[in-house]
Every structure is written in C-alpha cells, then in structure tokens.
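Numbering follows the numbering used here, with no gaps: position 251 of the sequence shown is 391.
Cβ coordinates follow ideal geometry from the N, Cα and C atoms, glycine included.
Since we're looking at a predicted model, the values are computed, not measured.
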Amino acid sequence: MDHRFQVSLRGVIDLLSHHLYSSPGVYVRELLQNATDAIRARQLLEPGHAGTVRLELMEKQDGSPPTLLFSDDGVGLTEDEIHRFLATIGESSKREALEARRNDFIGQFGIGLLSCFMVCDELLVVTRSARGDGRTLEWRGRHDGTYAVRPSEHPLAQPGTQVFLVARPDMAHWFTATRLRNLASHYGGLLPFPIHLTTDQGTERLDTSGAPWRREYDSASERRKALLAYGRELFDTDFVDCIPLRSTAGDVDGVAYVLPASPHFNSRQKHRVYLKHMLLSESAENLLPDWAFFVKCVVNANALRPTASRESFYEDDALAAARESLGQSLRGYLMELAREDPRALQRLIALHGLSVKALALDDDDFYRLIIHWLPFETSMGMMTLADYRRAHPVVRYTSTLDGFRQIAQVAGAQGLCIINAAYTHDTSLLEKLPHAVPDVQVEPFSSADLPQSFDELTLDEREATFPLLRMAENVLAPFRCGAVVKKFYPAEVPTLYSSDAEGAFRRDAERAREESDDLYAGVLDSVMAASGSEPAQLCFNLHNPVVRRLAAVADRDMLKLSVEMLYVQALLLGHHPLNAQEMVLLNQGLLGLISAQLGGDDGRGGEGSGGAGPRGLH
C-alpha cells in the first residue's frame with residue numbers, strides 16, 4: 141500500500157525564512173514577481189495591455205498591526221488554478237508554458253507566495269481571471285496549512301489579483317511606509333511596469349526610468365559620466381572606468397565598473413544582477429570569469445535560470461556561455477585600451493596587474509597585445525618588457541625571489557639585466573614569450589651563470605692569489621664547494637656563492653637529512669646520490685680591498701679563518717640557510733676572530749704579518 145508524504149506548512153515556512161530566503165523583506169520581491177508574471181501572462185492574451193502594480197498601506201487608528209494591499213491588473217486565476225497553484229507547494233502557474241516561453245516569466249518554482257507567511261499568519265487573495273467566467277473569487281490561506289475558496293462579495297471590475305496581508309505583531313516593522321518604499325524600489329526599480337505606493341501621505345510612483353545603460357546619450361563622454369554616477373550611487377564607490385557588457389547567451393546586458401583599488405587576487409567580486417528587470421541578488425559571484433576580479437558589475441538577464449531562492453543563477457550551460465561572452469566584453473575593452481590609449485592601460489595594469497596577467501595567460505591574442513606593456517622588476521629597476529627588449533636582446537630571468545636577491549646587485553653592476561619572475565604569473569608569462577612572439581630568446585638565469593661574465597685575472601694576479609685559492613679549495617672541499625678568484629663589480633662585495641638549481645636542491649636535502657630519522661634519511665641519501673648537481677662555487681672578488689689584502693696574508697691560520705668566515709657570509713648574503721656544519725663554522729669563526737683581536741698582533745693579518753703590499757696587489 142502506497143502512502144503520501146505529509147507536509148508541515150509551518151515547517152516549510154520555517155525552512156524558507158531561515159534557510160532559503162535572506163530576510164523576511166523578500167515577501168515584497170515575491171509579490172512583485174507574481175504581479176509581474178501575471179501582467180506578462182495577460183500581455184500574451186492582450187498584446188496592448190500595459191499593466192500596473194499597486195501597493196496600499198492601511199494603518200489602523202487603534203495601533204493594531206497594519207494591512208498591506210498588493211494588487212495587479214494581470215491575468216488573474218480561475219477556481220481550478222487557485223486550487224492548483226495557491227494550495228499546492230511547488231506548483232507554478234508558469235510551468236506549463238515555461239519551456240516554450242521561458243523568457244516571459246520570473247517565477248518558476250511555485251513557492252513565492254509562501255514567503256508572505258514569514259510576516260503574516262493569514263493571506264487573502266482576491267482574483268478575477270482574464271480567461272475565466274468573469275467571477276471574482278477569494279482564497280484565504282492560513283499558516284497552519286488550511287485554506288478556503290469562495291465567491292467574493294466584492295467583485296473586481298477588471299481581471300487582476302489583490303493580496304491582503306495583515307502584519308503579525310512581531311513583523312509590523314516590515315509594513316512601514318519607508319520600509320515598503322525602499323523594498324519596492326530596491327527590488328523593482330528596473331521593472332517596465334509602473335509601481336504605485338499609497339499611504340496616508342498620498343500616492344507616489346516608485347519605479348525609475350529603466351536601466352541607465354540602455355538610455356540614449358548625446359555623446360560617449362556623457363554616457364560614461366552618467367554610468368559612473370550611477371555606479372557611485374549604486375555601490376558607493378568612485379570607479380576608474382565603466383565597460384558595457386552584452387551577451388546573447390542568457391540575453392544579458394549591463395555595465396562593469398573598474399575598481400579603484402586592487403582586491404586580493406583570490407577574492408571574488410559580488411555583483412548586482414537582475415532577472416527580467418527584477419533584482420535577483422546583490423552578491424552574485426558566478427557571473428564573470430575568475431580572472432575578472434578587477435571589476436564589479438550590474439546586469440540584467442532575461443534567459444538565465446534562477447535558483448530556488450531566486451537570489452543567484454543556476455550553474456548550467458547557459459550560465460557558462462554567458463560567463464564566457466561577458467569575459468569577451470572585458471577582453472575587448474582591454475584590447476581597445478592597448479590600441480587606443482596605452483597610458484590608460486598602464487594605469488589599469490598598475491592597479492590590476494594580476495587580472496591582466498591571468499587573462500594574458502589564458503588568451504593568446506591578448507597576450508601578444510599586452511605582454512610588452514607589462515612592467516617587470518629587474519636588476520636595473522622596474523621596466524616594461526618593451527623597454528627591456530630594446531636594450532637586451534636575450535630575456536633572462538630568475539623564477540625565485542631568493543635567486544633574484546642573490547644576483548641582483550652583482551648582475552646590475554656587471555651590466556646584466558635580470559628579470560625577477562618570482563611574482564605570480566611572471567615566470568609563466570616569460571616562458572610563453574618564445575611561443576607567442578617570433579625570434580625571441582628567453583633564458584632562465586641563476587647565480588651559477590654570473591661568474592661567466594666576470595673579468596679574468598692577469599698572470600701576475602693569478603700567481604699572487606694562488607695561496608688564497610689553494611687554502612680556499614682545502615677549506616671548502618668538505619662542503620662540496622669549489623673556489624675561484626675573479627674581478628667583478630660592485631667592489632664592496634667580497635665573495636659570491638653560486639650554485640645551480642640541482643645544487644640548491646641538494647643543500648635543502650642535506651639539511652632535511654640532518655633533521656630526519658634513519659628511515660627518511662636513507663631515502664634522502666638515495667635522492668642525493670641520484671642528483672647530478674655540479675659543485676657550488678665561491679668566487680672571490682679581487683676588486684674588493686679585503687680580498688686583495690687577504691691574498692697577501694702569510695699566516696695560514698688567519699687565512700683559513702678568513703676564508704671560512706667569507707664563505708659563511710656569502711651563504712647568508714645569498715639567503716641560503718646554514719646546515720649544521722656551517723653553523724659550527726660560523727660559531728668557531730666568530731670566536732676565532734674575537735680571540736685574534738684579544739691576542740694583540742698574534743694571528744692578525746695586518747702589517748706585521750704581511751699587509752697589502754707584497755705580490756704587487758695594490
């Protein structure tokens with residue numbers, strides 16, 4: 141034997157008020173939607189019908205809760221439709237024609253009228269159908285799930301519907317003239333039908349003159365000025381610019397506003413969206429592509445599906461197509477800026493570089509148009525890629541911040557311009573360059589490449605520095621580090637530690653091994669054994685006065701101690717974490733230097749032990 145589900149209307153209303161709708165005030169939106177759909181349905185029968193929506197607030201002299209009369213001159217309901225649509229949860233009067241004429245109606249779920257029970261305990265609906273026998277019927281529904289239908293003793297002169305709501309005492313604040321005016325204007329400000337509000341102060345028309353992006357203006361500058369003023373009023377923000385939006389998919393149009401400050405790149409902007417000119421949401425997030433977080437928009441859609449709460453759009457193929465089309469509108473705006481107003485584009489990039497870079501990675505045509513306008517940090521300061529390529533035929537970059545810090549000062553002094561590609565998207569943008577632009581050479585650069593640009597020593601200088609080089613090789617051998625003496629700038633840098641990517645990985649693995657248990661240490665040993673890294677190198681700078689004096693030191697203990705300290709200093713300057721052996725070297729070196737100073741001339745590499753004069757180094 142089959143049984144029917146038993147539905148608790150009180151439980152459904154609680155579900156609506158606490159989990160589906162954002163606030164009790166949406167009852168005004170739901171009544172506006174029902175009235176709008178009724179007017180559109182009547183226009184299908186009578187194409188010349190204009191339609192009007194009226195709200196009348198009736199406040200009681202004795203202080204009891206007020207009554208709101210909400211009326212429209214739409215298609216109305218027959219008795220059969222009353223039983224089907226007002227007394228059956230989930231049934232919609234638009235459902236039968238929905239697939240054929242989806243764009244004509246807002247409501248699709250048949251639960252909108254229930255939102256009224258969030259603010260009142262009883263509803264009275266008086267209706268006369270334009271398709272019926274001319275009778276006026278009354279439907280009285282209660283929050284406990286009971287209802288009654290009977291002929292009205294006060295027949296309507298014309299087809300339409302009246303809804304009477306008596307405020308619950310605890311919800312009377314939703315029935316004030318100010319609240320109703322704000323709610324009706326908020327939700328229905330773009331509706332194509334007049335909305336009239338009658339209170340003790342008289343009758344006023346609430347609706348505006350339609351979407352401002354559809355109006356005619358005398359010039360493009362007047363249009364831009366008006367739309368920016370509308371954006372300021374709507375979002376309380378002074379925007380940088382406005383961008384027209386149009387998508388045939390979903391029948392969407394509107395305007396996007398360029399934000400005056402860059403948001404976090406993981407943030408998603410909340411947009412104001414209308415469905416068939418009725419406000420759907422002020423916080424829709426799924427309307428634009430993820431990369432378009434530099435704009436905030438207001439749009440109207442006629443052919444997108446709302447969710448059950450009618451506060452966002454349903455994620456389907458139509459929304460995906462509309463999102464792609466709106467993204468194309470934004471692409472077109474940026475590409476036009478690149479062609480017509482490069483300075484404006486540079487200002488926008490300064491504000492919203494991440495969005496522009498993300499779009500460039502996604503769109504090859506836009507990449508080719510924009511890439512040379514993008515600014516990059518280099519070892520010679522900030523410059524656009526176009527400026528970089530005019531002076532440097534090979535584009536060299538480092539992909540890590542530490543890697544750039546290690547080489548920036550020295551590379552700049554050698555006349556090498558290296559791009560810091562450690563920022564979000566920069567490495568990917570540069571790696572894409574040879575594939576998008578012909579005849580461009582792009583090379584990664586590391587500290588291991590720097591010594592190749594340094595000046596070699598003369599024969600006399602090699603002979604003079606041989607003891608220093610031999611001592612350095614002996615001292616650094618346990619650390620898998622070689623030694624070389626060259627000349628480079630700036631002169632104040634005494635040494636440069638350089639290693640390739642494999643060498644940096646090996647250092648990290650060695651540090652991890654020291655801190656691991658036996659099992660993990662064995663795994664790391666295998667990894668390091670398979671590593672094919674070249675030994676690191678400590679390059680001494682003979683232009684540096686300290687190195688020149690050190691090359692003349694005869695005291696082997698002092699020479700050894702100095703090499704050890706210069707090695708540790710080079711690691712620290714290159715932002716390389718010290719392993720356990722190197723920490724011991726640092727501690728012993730500091731103590732040795734202190735001891736040498738406390739011991740007077742003993743152990744010092746000053747004039748008493750061979751100063752800067754011997755071996756021709758000046």
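Handout entry: Contact under 8 Å by Cβ, V624 with P578
Key = No, the Cβ-Cβ distance between V624 and P578 is not below 8 Å.
Practice task
Counting only runs of 3+ residues fully inside the region 329-378, write out the beta strand (DSSP E) ranges in chain order.
Solution key: Runs of the beta strand (DSSP E) inside the region 329-378: 335-339 and 342-345.
Handout entry: Nearest-angstrom Cβ-Cβ length linking V535 and V580, presumed shorter than 8 Å
Key = Taking a contact as a CB-CB distance under 8 Å, the pair V535 and V580 counts as one, their CB atoms being some 7 Å apart.
Exercise for the section: Could you check what DSSP says for V667 in three-state terms: helix, strand or coil? Expected result: Bear in mind that the predicted position of V667 carries a pLDDT of just 49, short of 50, making it too unreliable to give a figure here.
Practice task
Counting only the same chain and skipping the five closest in sequence on each side, list residues whose C-beta sits under 6 Å from that of E344.
Solution key: Taken in chain order, the residues that qualify are L337.
Practice task
Kindly indicate which three-state DSSP category E196 falls into: helix, strand or coil?
Solution key: Strand.
Exercise for the section: Using the Cα positions of L455 and H417, report the straight-line distance between them to the nearest angstrom. Expected result: Note that residue 455 is Glu in the sequence shown here, rather than Leu. Near 20 Å, if we compare the C-alpha coordinates of H417 and E455.
Exercise for the section: With a threshold of 16 other CB atoms inside 10 Å of the CB of G247, please say whether the residue is buried or exposed. Expected result: With a pLDDT of 39 at G247, under the threshold of 50, the modelled position of this residue cannot be trusted; read the value that follows with caution. Label assigned to G247: buried.
Practice task
Could you say if the region 506-522 and the region 561-571 meet the contact criterion of at least three C-beta pairs nearer than 8 Å?
Solution key: Yes: the two stretches touch, three or more of their Cβ pairs being nearer than 8 Å.
Handout entry: Beta-carbon proximity check, F210 vs L197, cutoff 8 Å
Key = It is not a contact, given that the beta carbons lie outside the stated cut-off.
Problem - M418, enclosing beta strand (DSSP E) - first and last residue - result: Taken as a continuous stretch (DSSP letters only), the beta strand (DSSP E) holding M418 covers M418 to A424.
Handout entry: Simplified DSSP state of L733, which is helix, strand or coil
Key = Taken through DSSP and simplified to helix, strand or coil, L733 comes out as helix.
Problem - Contact belief for A324 with V168 at Cβ below 8 Å, rounded distance in angstroms - result: Between A324 and V168 a beta carbon distance of about 6 Å is seen, short of the 8 Å cut, so the two are scored as contacting.
Exercise for the section: Return the chain-ordered list of same chain residues with a C-beta closer than 7 Å to the C-beta of R412, the five sequence neighbours on each side being excluded. Expected result: Excluding sequence neighbours, R412 sits near L374, E422 and V438.
Practice task
Could you please give the first and the last residue of the uninterrupted alpha helix (DSSP H) stretch that includes S519?
Solution key: No alpha helix (DSSP H) holds S519; DSSP gives it neither H nor E.
Problem - Euclidean distance between Cα positions of V435 and D457 - result: Cα to Cα, the separation comes out at about 23 Å.
Problem - Rounded C-alpha distance that separates F585 from R471 - result: Roughly 33 Å separates the two Cα atoms.
Handout entry: Cut-off 7 Å between Cβ atoms - residues of its own chain near E236, not counting five sequence neighbours on either side
Key = Note that E236 scores 44 on pLDDT, short of 50, meaning its location in the model is unreliable and no value can be drawn from it.
Handout entry: C-alpha gap between G216 and C256, whole angstroms
Key = Rounded to whole angstroms, the separation of the alpha carbons of C256 and G216 is 18 Å.
Exercise for the section: Compare the C-alpha of L427 against each of H512, P482, V392 and L399 and name the closest. Expected result: Among H512, P482, V392 and L399, the Cα nearest to that of L427 belongs to V392.
Handout entry: Three CB pairs or more closer than 8 Å across the region 301-321 and the region 376-393
Key = No contact exists between the region 301-321 and the region 376-393.
Handout entry: Nearest candidate by alpha-carbon position, reference Y414, set L185, I547 and N440
Key = Nearest option by C-alpha distance: N440.
Handout entry: P618, DSSP secondary structure in three states
Key = Reduced to three states, the DSSP call for P618 is helix.
Exercise for the section: Using DSSP bridges, identify the partner residues of T81. Expected result: There is no way to answer for residue 81, as the model of the chain reaches only from 141 to 758.
Handout entry: Start-to-end residues for the beta strand (DSSP E) that takes in D393
Key = Judged by DSSP secondary structure, D393 falls within the beta strand (DSSP E) whose first and last residues are V392 to V398.
Handout entry: Whole-angstrom distance between E722 and A736, CA atom to CA atom
Key = Spanning the two alpha carbons is a distance of roughly 20 Å.
Problem - For E583, the first and last residue of its enclosing beta strand (DSSP E) - result: For E583, the enclosing beta strand (DSSP E) covers residues Q581 to P584.
Practice task
Could I get the ranges of all uninterrupted alpha helix (DSSP H) runs contained in the region 538-592, with 4 residues as the minimum, in chain order?
Solution key: For secondary structure counted as the alpha helix (DSSP H) over 4 or more consecutive residues, the region 538-592 holds these complete runs in sequence order: 541-553 and 566-576.
Exercise for the section: Locate the beta strand (DSSP E) running through G300, then write down its first and last residues. Expected result: That run of the beta strand (DSSP E) goes G300 to A307.
Problem - Simplified DSSP state of G102, which is helix, strand or coil - result: Shown here, the chain extends from 141 to 758; a query on residue 102 therefore has no answer.
Problem - As assigned by DSSP and simplified to three states, the class of F628 - result: It is coil, neither helix nor strand.
Practice task
Please check if any C-beta of chain B sits within less than 8 Å of the C-beta of L208.
Solution key: Although the question refers to chain B, the structure presented lacks it and comprises just one protein chain.
Exercise for the section: Take every Cβ of the region 704-711, pair it with every Cβ of the region 625-635, and state whether three or more of those distances are shorter than 8 Å. Expected result: They touch, by the three-pair rule.
Exercise for the section: Just grab the DSSP bridge partners of V435 for me. Expected result: Partner(s): V398.
Problem - Beta-carbon spacing of L678, A710 below 8 Å - result: In contact: L678 and A710 (Cβ atoms closer than 8 Å).
Exercise for the section: Write down the C-beta distance between A588 and S639 rounded to the nearest angstrom, noting that I regard them as a contact closer than 8 Å. Expected result: Right, the Cβ-Cβ distance comes to about 6 Å (below 8 Å), so this counts as a contact.
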